[in-house]
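Written as structure tokens, this is what we have:
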């Protein structure tokens with residue numbers, strides 16, 4: 015056969031099909047470019063989430079005018095961002111390898127922000143080239159690995175198909191609060207309408223009383239002047 019598998023070359027999972035009878039050289043190495051691309055995608059996505067939360071919860075002041083973001087008063091949302099940051103940078107225990115946190119891959123937070131970046135490219139490249147198994151274990155270990163831990167945090171916040179998350183619970187609370195405010199507004203409007211009707215009735219009664227008083231005054235005036243003339 016012109017197809018070589020692990021029984022021929024000893025590398026599990028690798029199959030090579032020869033296309034010519036001449037000598038060929040096959041070089042096998044880690045797909046560091048692919049791994050680096052996925053790590054960059056994770057960093058970009060993580061930063062987008064943190065940046066959005068920061069922008070929506072920021073309070074700024076310019077020219078004496080204070081502007082508050084939509085989520086400025088939502089402490090729970092800010093706590094979710096802190097949870098993601100904490101879980102992203104915490105140590106993954108029980109691995110046994112040299113890679114047990116993002117810092118081991120040369121990844122750190124940008125100073126003064128909630129965003130990640132590759133602080134030391136050489137450290138990351140060395141880890142991908144010389145310790146690919148440790149990197150894989152760090153990210154992919156079932157239940158306890160970095161990806162599983164971060165996914166659990168995201169599922170808790172955003173929810174899953176089976177369970178509602180903290181966002182849904184917060185929206186439910188806000189909707190209930192809004193409904194309560196709407197009910198209070200409706201009750202106040204009813205009270206104002208009743209008060210308006212009462213004031214209108216009182217005003218009409220006052221006008222009627224005034225008209226009656228004026229009429230009586232006119233009658234008395236005519237009566238007195240009529241007696242005086244006699």
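Numbering (my numbering), first residue to last: 15 to 244.
Even glycine gets a Cβ: it sits at the ideal position worked out from N, Cα and C.
Predicted model, so just to flag it, every value in this text is computed and none were measured.
Distance between residue j and residue i (C-alpha atoms, nearest Å)
i, j, result
"residue 116", "residue 185", "33 Å"
"residue 131", "residue 107", "23 Å"
"residue 83", "residue 92", "12 Å"
"residue 125", "residue 31", "50 Å"
"residue 228", "residue 199", "42 Å"
"residue 17", "residue 29", "7 Å"
"residue 215", "residue 65", "59 Å"
"residue 44", "residue 192", "55 Å"
"residue 127", "residue 61", "10 Å"
"residue 234", "residue 201", "49 Å"
"residue 7", "residue 206", "Beyond the ends of the chain as shown, which are 15 and 244, falls residue 7; an answer cannot be given."
"residue 26", "residue 99", "38 Å"
"residue 63", "residue 157", "23 Å"
"residue 231", "residue 237", "10 Å"
"residue 50", "residue 59", "14 Å"
Assigned exposure category for residue i - 16 Cβ within 10 Å defines buried
i, result
"residue 224", "exposed"
"residue 239", "exposed"
"residue 148", "buried"
"residue 138", "buried"
"residue 171", "buried"
"residue 113", "buried"
Closest residue to residue i among the options (Cα-Cα distance)
i, options, result
"residue 188", "85, 79, 52 and 177", "85"
"residue 101", "89, 123 and 112", "123"
"residue 105", "125, 218, 160 and 178", "160"
"residue 164", "234, 237, 135 and 97", "97"
"residue 109", "152, 43 and 209", "152"
"residue 89", "81, 68, 201 and 80", "68"
Residue i and residue j closer than 9 Å at C-beta
i, j, result
"residue 141", "residue 119", "yes"
"residue 212", "residue 94", "no"
"residue 121", "residue 195", "no"
Legend entry - beta strand (DSSP E) segments (min. 3 residues) lying fully within the segment 62-120: The DSSP assignment places 73-76 and 79-82 as complete runs of the beta strand (DSSP E) inside the segment 62-120, in order along the chain (cut-off: 3 residues).
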